[in-house]
Structures are given as C-alpha cells and as structure tokens.
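Notes follow the structure.
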C-alpha cells in the first residue's frame, strides 16, 4: 500500500486512481483500491502488485495536479501484530486430545533496522530453513517475530543452527501458541470520542460480521475487546481496518488469548484479599475452585483473581456472589485489555493543566494588557472550570490553564471528557477576533519613526497594542481588534513614509543587510534579482554573500524598502521537491565540483533554476514553482547515476588483484576522454558501485565490469552423463577424449572424463565451448534399447553366468552393455540443451496463444533461434556486455552495419530499434533495442547471471501463472469448478489446434462449471477427434475417498464415448502429479474401471481405451507396466512378441506411435481390427502427449477422422522429474 499526503484540494479518488496507474509518468501499475480522506487530504492507495509501491517511490519527487505531494509506503502488518504473552500455555486449555505439530518459531535479538522482509528471506534461504515461510508477524510488545513454516521439519532445521542477520546473532526458539478466542478481537487506537455504537457500526460495515458486545478497558487505555457472533478471520479484519479510519484514527486489531482470571468489584472495606481467595476457592460457596493467584488494588477498589482452569473464570462471571453483605460485581479480566471500565464510573482523577504554546505572542500580550478582554475571557473560562495563568514576559507565548473540576463537581466525569476541548474553544474564540499587522523600516529611520510614533493619538487604547522589535529587526507590530488596528496601522504607514521622504530629500544613501537562507540567496542570484532591482531603482546596489548568508542593499532608503518588498514576494514563490534519502556514496559524488558544474550546465540549457540542499543524506530541490522543482530534480537524478554491480563469492577474490585495478583505471581513463565523470567504488564488503553523470554511459561501464568477471573468473562444473556413456568414453573412445583434452588445454580449459561425470574447469566462455565439444563427442555414441520382457531373460542377465557373457560380448564388439538397474538418476541426464545451446532451462511457460516462453541460464549466442534481441545504447556502440559478445562471436560486420546506419540516420531514440545481420551467428537477425513481432512462437529469456535468471523465473511465475516444466504451483480447488481453459501446455495446444470455438462451447454449455468427478463434453472442432471430455479431481485423501471420484469420472467418460458412438478413447494417468494420487492405485483402478464398464456394457461401441503416459515419467510408466503384468499373470495371458516393430516411436514395452496411420488411433503391431471390435482392451502408451497432439493433427489435417474422444484433464508430475513441456494437473476446464 501507498500513503499519500499533502494532496491538492481538488483531488478525487478517480483522479488518484488514474494517476497512479500511469506507469509512463509517476504510477506503479494497476490500482486495486483508493481510500481518500478529504478532511486530512490523505489517501491510501492499494495496488494489485506489491512491486508497484517500490516503483512509485523510485520516482519521487512526484507532481500531482501541478503540486508536489508526499508519498510513503503504508505497511498494513507493521502494527497489526499478534500480542502473544511470554508465559507458558495453559495445558488445560490447549489439550485437544491429539498432538498438534508446532511449525512456528520465535525470533529475537535482531537490529532495529532489520526489516520483516529480511527476516523472511533469510529463513527461506539455505542458511535458514531452506523452506517456504507460510506467515510472519511482528509481536511489538515482545519485540520479536513469529515465523511459521509449512512443516515441522523446517523448524527442526532452524533450531539446529545458529543464525546471524545484519551482524546480530538471533535468539530462536520454538513458538508454542496460546489458545485464542475464535470470535473475539482486541481493538486499539480509537479516538477518546469514539462511542460503542461507533465501533460496532464501523466493524460491521468493514468486516461483514455481526458484533455481539464491546468491552472497554480503562478510559485512558483506548482499548476494547469486541465479541462477534461467529468465528472471524483476524487477518481480514486487520487489513480492512488499515484502509479506513474511524473518527480520524486507524484501528489496530489483534487476537485475544483465552483468559483464566476475573476482576471483582463492590466488596466492602473490611473484605480482605484472603477472604476473596478462600471464597472463590470454595466450590460449595462460589461454584468454582482452583484459585491460582489474587491481586487486590485498594486504591482503585478492585481485585483480580486468577484460576487454574479458564472455564472456572467464565463460570464465576455467570453466578451471583455475596461477601460481607455486599453483592460483588464480577467480570472477565483480559491481560491485554487491563481493568475494564466500571459502569458506576472509576475513581475521579484530577486533570493535568493544559499548556498552550501555539498562540501568537503578540495576541497573548494584547489579551493580558486589555482590561476589558482579559476580564471577559477569565470569566468565561471560570464558567468552564478553568483558571488561566498569563506569561510573565512579553516574549513568552505559553499559557497555562488549570482545571478546577473536583470529584464533588456535578457530572465531574462527563465534564472532564470535554474540558480540554471546551477550554481551547473559548480561548480560540477570543484569539480569532484579533488581527496583527507588521511594519518594517530602515535602521536609519528607526529613531525618527519612534519619535513621531509617541505623538500619535489612539481613539480606542483598550482595543489595540503596539509592540516594537528594535534594530536590527526594526519592526512595529500592531495587535488588537480589527478597527483600532486599522486606524493605528494607517498612522504608522504615514509616519514611515514621511520619515523615508525626509531621508530621501536629504539625499542620504543608506546600507542594510538582510539574513536569508542559503537556497534563497542562490535562487535570487540565479533569477537575476539584482539586475531587475537596478533597472527599476537606478542607483541601487545589491550584493549577495552566500558564505555569510546575507544580501546587502545600498541606496536611497525608500527604494531599499520597496526592493525588500519585491525580494520577499519573490521568496514567497519558492517551491521544493524532495528526492528522498540517498547513499553516502551518492552524496559524496554529488558534492564533486565537476558534477555540480555538469548539473548546473544541464539546468541552464533547460532554462530552469534549481538549488539543492543536503541534510542527513536527504536531498531537497528548490525552484520557483512545483513544476520547475520536479523538473530540476529529474535533471539531478539524470546527472548523478548510481549503478550496483553484482559480485558473487568467487568473483570477490579478484577485486584485490592488480589486473582488476588496471581494468578499472582503463575504464575511468576511457570515459574521462569522453568528458564523462566516472567513479567506481568497491567497499569493504566487496560490493561494487558505479557513479556516473550520464545514464547511458553508466550502463556501458557496468557491462565492461561484468565482462571482466566473465572473462577472468574461473569456474568448475561437472557434466552428468549415464554411467554407460562415461564408461564407453573411457574404454572405447580414449583417443577422441585425449585429443579433446589436448585441444581444450591449449585454450586454458581443463577437461577430465571420470567415472562419475566429466569435469570442466575454465572461464565462462571456455566452459561453454567445452560443453559444445563434449556434446559433439557424445553424439557420436550410438545407443539402442532392447526389451527384457521374455520369460526368464531378466533373471539370466542378472546372474553371474549372464554377466560374464555380457562382458565377453562387450569386449568383442567394442560396446558397453548395461541394464536399467545399472543406470542411476543420470540415465536421462544427457547434456540437455535446446537448439544445441549450452543452456540450462529453468522454467517453461505457455502464453494464451500457445507461444512458449522459456527462462534459460546460459550463453544467448548459442541458442538456435531466428532472432536475438540486444539491449543497445543510442549510438549502437557495442563496446560491452552482450553487445560486445555478439560482435566478438558474430564478427566485426555487425558493428560496421550499425555504424553505417547511425551515420545516415543519426542516434536512435528511446523505443526505436534497428535490425542488423547476424554475421557468423546461427540466427537470422539481431534486433537492437526492441523485441520481435507478434508472429514469434518461442522467446528465450537468457542471462549468464544466476540472480538475473532467478528474477526471470519469479516474474514468469507471477505473469504466466503456471510453468510447463512442472515446477510451478498447480491450482487445485475444492467444490465447484468450471471448464475454463487456462494456459497449461496441453490445454493451450488443444485450444490452439482446436480453435477458439472449443473454449466458447465450454463457456456456453457450462456457465456455472462442473463438480469433481463430473464430465463436460464439447466437440473436437479442428482436433483429430469427435469429442473432448473435460473434468477435474479433488486432492488425494488418505481415507481413499478420492479414488471414488476418479472411478466416477472414468466411467462418465466411457459412458459419454459410448453414447456418442465413439470407437476409442484416450485417458492420461489422472491425479498422479500435484494432487498426490499414488501411481499404483491409479493404475489399478483405471484398469478396473475399464473392465467393469466392459462387463456391464458388452455391446458397447467403445472397443479401444488408450492409457496415455509421459515416457520420461518412469515411475508412472512402471506402475502401469506392473499392473498390466499382474493382470496378465492372473489371467494366464501370454506376453505379445514385440520383436517386429515398424518405423516410429520406440517406447517401453514396444508400443509405438505410427505417424502414417490416418485413423489417428494408436495400435499395437500385433493387434488387428478384428481384435479390437470383439472386446474393450485397455492399452498403455508411453510417449509425450504434447507431441501427440501436434503430430496427429499435422498428419491428419485434411483427412476423415474416426470418432475418438480424448480426455482433457492434464496431469502434472512431481517437481523436476522432467523438463520437457507436459500436461499439468488440477486445471479446471
């Protein structure tokens, strides 16, 4: 949220909304809500994106409706913290019959400047718990954070370590939460004038919950406990109360811990503390027992009694109690509330004197010396139980008003509530009738003016006073009622004019100095004030001394007076714009003389006046209007650019090298020759900051520094390959490996083939080259797979005789033979790269139109793409960063072509682009400055910096919602869901090929959605099928109830296929991804559901059911294989012969995809049309279903399709099991 103050009077909520949504100027993005208070001219702006607040704050100073406004972050959770007591939780109130896992910790000992985000990010990092933080809240009273994780393992990890944040060692312990009331909330911070009805109406309107009662604390506490009629969401109420003020105050809302004590009133003076304790510990007398502690307060006439069991405290409040013939008043006591207010009223407390210091001293002096007004005011105050004490000295402006209300005064408590307000109102009513006029004169004229002033006649002496400020101030202050002041003021003006005329007639030249602030003197100087005065008054001389902070006038006295009036009028128009707090290095760079001259030159060329002042590293820009002040501030920000250069731990060791120092000096020398002011600073923490006086050059300098690390930082990586391939390289390709090692060693790259991987050591560019060479070498290895499903074959291969035979065959044939059991998790871990680039794909997203967006860590020049986008500078000078790499690898022709374009067309403006040839790079074009057009189907976001890649992934998760690589969060809802296509891999591909009509039919036929297990059916449109079935499943439940929903859905799909005359249907392994369905159970019930349907519908049209599995999801494929083998063994069926396979996809168990098959149905090689028409036979297919959609549509585009109903409820497997695009589970269609 953003808090905005000092808004103009003509501000509207819509105006603020439109203003802060405009990113091109001062906005930050889409606005969710605006709360505008016209009385205080403040607003709370809530954005849809959290980053929007930081975007706005970076743009200060901000000009709204031609006025500078103040903006600051408004943090909802800063005060809305949970008030958790230190004491141990009460076992009796916490015992629920089962052990509840504790997933929270208490964190203390942090520094004052350590933020909540810092704590959260620390505990999510490897140094902390390396786990997501579910919630974090600050307990203000205890000065601690309560951090909640998703599981108890994270807590154990944290407790096993020591933690240091911002140089402070944290104290961490397990947090055991106390039991809280589900329907009570502690409300603090409301105005003393706020009533019970006001609180009820406000909370019911903001929260939509009905309020049952409100219990107030002591009158001065400003606290109340609100009891609602139903359980509440405390977080929602906290947020709601932060957006709107009640009686000018923002409420703070906290949960209420279950209490175990009561407060007792109404006992007699002879009742003792022990007597109350024995009474309430006697169940026969009081109905309760188990008193733990008693605390009596004789001064306030109440006693607090603590019980061992909280239920006894509540029970005691429901019963009546009498001790020593006195009926007791018993109420629940809450530690967080304090002693509740007594309906009979608390003991009377005398009010402290009211001290008033904000009234003009001259008006106070008038009231004190005006006999009539003084007596009248004192009598008025006396009626309000007030006695005023006047200041002794005329120079004081402090009035002390004492309250005369005592406990004997009628309605004393009610009077004390409004006494201060009433007293101030009466005093202000007198003060507001007074006016003040000030006249100044020259020091030389002071004596004659005073002499004439003593001779004037005042018609109403009691209605006016004259105060004098002697030289050098030389001011006459006239205070009193309007008419008498006007009369005297006119006389004083006449006297000053006559004296000035007398001095002028004597032709006396006078001199006078006026002290001003530094920025005022500079603005007068820059605005040519001296020349203007000389032109107007002839012989007037003006000297501005910025060191002494004075302006000196020399000339005729009358002219000096007029010049001073003109000066003050000019100064009154000065406006300011804050630039915010800057780093010490930024301030130091700004103070450089050459930087100041650079800014001054830019201001002068822009026709602007700008003077800045620095205080506590905060900069304030002054000019002659708000608009000019903001414009001048923007120029300063453009002339003082601060750029951070990220350095990792490996690179930090190079910062003390002579090579680094020479590189930095060379950069500084290069840009100094271009008249660019540059300063490169490395602090003790090895953080690099670049300061520069131009924006464009700062980026170039950063690129040159990054180039140094890219070229000189040596890293070490290991390329994972299957053990069989590593063994083949070591045994059968020794000569190739040796030649590769020698060749790379000449380029200072070390490569070593080991049993556990290939070690590569060198700089970033060298590592990339080595990866390419290794991949070329590995691609020479031919690999084939053979099935071992023949009876007894697997046992033979695993015994000693079989292994010996395999070794003989391997040695004779010059090959390496291995089984699946010999391979490890790297068996599918070949050097994965898209288009041959040595790239590490981190995330894959799919746009609404089916385009792929891929985040890659690697060298962008190696990607096999049509277009590479380069963020170029305005001169297309490719001297650093990616631009330099493109020229180095693509050839000098790229730079020559850009130079030729600039020489003919001039510099590029912001937003323009130029497409050059690729040189020797494999792409077709390099676009400098702007991205490609709308026909692009795949975009790589690529960077060699780890942090940049992580930021790409974070932004992709937020913008696109769900990754295709399975690492994004899969939405899984409960209850009702509708068939609305979202941009998952399969849904996007189906929607792209099937057409928009597929989506439109979903919305038209199922506007309210469908429930779990239900089936929504649409036409196939452009897809190679007649119908598409849509549905969704619930999360897996341990009681197995979710499997019934799965069976219901499968049966529903089969019934729909049968009723529509379909011959075949394709189903994925449903629920085996993020929904958590066990793979073996899914396989078993999917086979069972099909068999049950077949037995109950022997004459069904459906003769073929395809189980479509992703070939890289080995666990799911194995589960279905095992289930099929179990059913074959139990039924006595023989394994088919898969030895004769046609050309096509070779997956597990010999199933294949025939691209030439025009029917669009997958078949086994030994199955015939006659077989599939006699019975329903579920069959497993292992391949990438995403490719199925594309291949089948291409091969069957214009041919007649059979009635096939593919199921569309994409599944997503567990994180990082594979990286190719695949279906994602839990999508709601």
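In the numbering used here, the protein residues as written are 158 to 1386. All residues carry an ideal CB built from backbone N, CA and C; glycine is no exception.
{"query": "Candidates 967, 900, 824: which alpha carbon is nearest residue 888's?", "result": "967"}
{"query": "Would you tell me roughly how many angstroms separate the C-alpha atoms of residue 300 and residue 275, rounded to the nearest one?", "result": "16 Å"}
{"query": "Between 921, 913, 911, 912, which lies nearest to residue 904 when the distance is taken from Cα to Cα?", "result": "921"}
{"query": "Buried or exposed: where does residue 565 fall if 16 or more other Cβ atoms within 10 Å of its Cβ makes it buried?", "result": "exposed"}
{"query": "Along the chain, where does the beta strand (DSSP E) containing residue 828 start, and where does it finish?", "result": "First-last for residue 828: 815-829, but that is the alpha helix (DSSP H), not the beta strand (DSSP E)."}
{"query": "Does residue 321 pass the burial test, meaning 16 or more other C-beta atoms within 10 Å, or should it be called exposed?", "result": "exposed"}
{"query": "Would you kindly work out how many angstroms separate the C-alpha atoms of residue 583 and residue 514, rounded to a whole number?", "result": "16 Å"}
{"query": "For residue 453, which residues from the same chain have a beta carbon less than 6 Å from its beta carbon, with the 5 sequence-adjacent residues on both sides left out?", "result": "430, 460"}
{"query": "Taking all protein chains shown into account, decide if residue 560 is buried (16 or more other Cβ within 10 angstroms of its Cβ) or exposed.", "result": "buried"}
{"query": "Based on Cα-Cα distance, which residue from 390, 1218, 1232, 334 lies nearest to residue 1258?", "result": "1218"}
{"query": "Counting C-beta neighbours from all protein chains within 10 Å, is the total for residue 859 16 or more, i.e. buried, or is it exposed?", "result": "buried"}
{"query": "Thinking just about the alpha-carbon of each residue, which of 392, 217, 602, 158 is nearest to the one in residue 630?", "result": "602"}
{"query": "Measuring straight from C-alpha to C-alpha, what distance separates residue 776 and residue 785?", "result": "16 Å"}
{"query": "Between residue 703 and residue 683, is the Cβ-Cβ spacing less than 8 Å?", "result": "no"}
{"query": "For residue 484, which beta-bridge partners are listed by DSSP?", "result": "479"}
{"query": "Report all residues from its chain with a CB closer than 7 Å to the CB of residue 1052; omit the five preceding and five following residues, and keep chain order.", "result": "1035, 1044"}
{"query": "Okay, do the region 792-811 and the region 740-754 touch, 3+ Cβ pairs below 8 Å being the bar?", "result": "yes"}
{"query": "Output the distance between the C-alpha atoms of residue 1252 and residue 1281, rounded to the nearest integer angstrom.", "result": "18 Å"}
{"query": "Could you check how far apart the C-beta atoms of residue 1263 and residue 1224 are, in whole angstroms? I think they sit under 8 Å.", "result": "7 Å"}
{"query": "Taking 7 Å as the limit between beta carbons, can you name the residues of its chain near residue 239, skipping five residues before and five after?", "result": "For residue 239, the pLDDT reaches just 35, beneath the cut-off of 50, and the residue's location in the model is therefore unreliable, although a value from the coordinates is still provided. For residue 239, where only same-chain residues beyond five positions count, the Cβ hits under 7 Å are 294, 296, 303, 411, 412."}
{"query": "To test your reading of the DSSP string, which unbroken alpha helix (DSSP H) runs of 4 or more residues are found completely within the region 291-354?", "result": "309-316"}
{"query": "Please classify residue 174: is it buried, with 16 or more other beta-carbons within 10 angstroms of its beta-carbon, or exposed?", "result": "buried"}
{"query": "Hey, how far is the Cα of residue 959 from the Cα of residue 952?", "result": "9 Å"}
{"query": "Applying the criterion that 16 or more other CB atoms from any shown protein chain within 10 Å of the CB defines a buried residue, is residue 939 buried or exposed?", "result": "exposed"}
{"query": "Under a Cβ-count criterion, where at least 16 other Cβ atoms within 10 Å of its own Cβ denotes burial, should residue 925 be classed as buried or exposed?", "result": "buried"}
{"query": "With distances taken from CA atoms, which of 597, 382, 220, 478 is nearest residue 491?", "result": "382"}
{"query": "Assuming residue 1199 and residue 1192 are in contact, meaning their beta carbons sit under 8 Å apart, how far apart are those beta carbons, in whole angstroms?", "result": "7 Å"}
{"query": "Touching or not, the region 1077-1087 and the region 1025-1033, by the rule of three or more beta carbon pairs under 8 Å?", "result": "yes"}
{"query": "Tell me whether residue 1046 sits in a helix, a strand or coil according to DSSP, three-state version.", "result": "helix"}
{"query": "How long is the line joining the alpha carbons of residue 404 and residue 349, rounded to whole angstroms?", "result": "9 Å"}
{"query": "Check residue 119 in the structure and name its three-state DSSP category.", "result": "Residue 119 falls outside the range modelled here, since the chain spans only 158 to 1386, and no answer is possible."}
{"query": "Give, in chain order, every unbroken run of the beta strand (DSSP E) that is at least 3 residues long and sits entirely within the region 253-289.", "result": "261-265"}
{"query": "Using the Cα positions of residue 914 and residue 886, report the straight-line distance between them to the nearest angstrom.", "result": "11 Å"}
{"query": "For the candidate residues 1054, 484, 916, whose alpha-carbon lies nearest to that of residue 1076?", "result": "1054"}
{"query": "Given a cut-off of 8 Å on the beta-carbon distance, is the pair residue 510 and residue 549 in contact?", "result": "no"}
{"query": "Does DSSP put residue 1251 in a helix, a strand or coil?", "result": "helix"}
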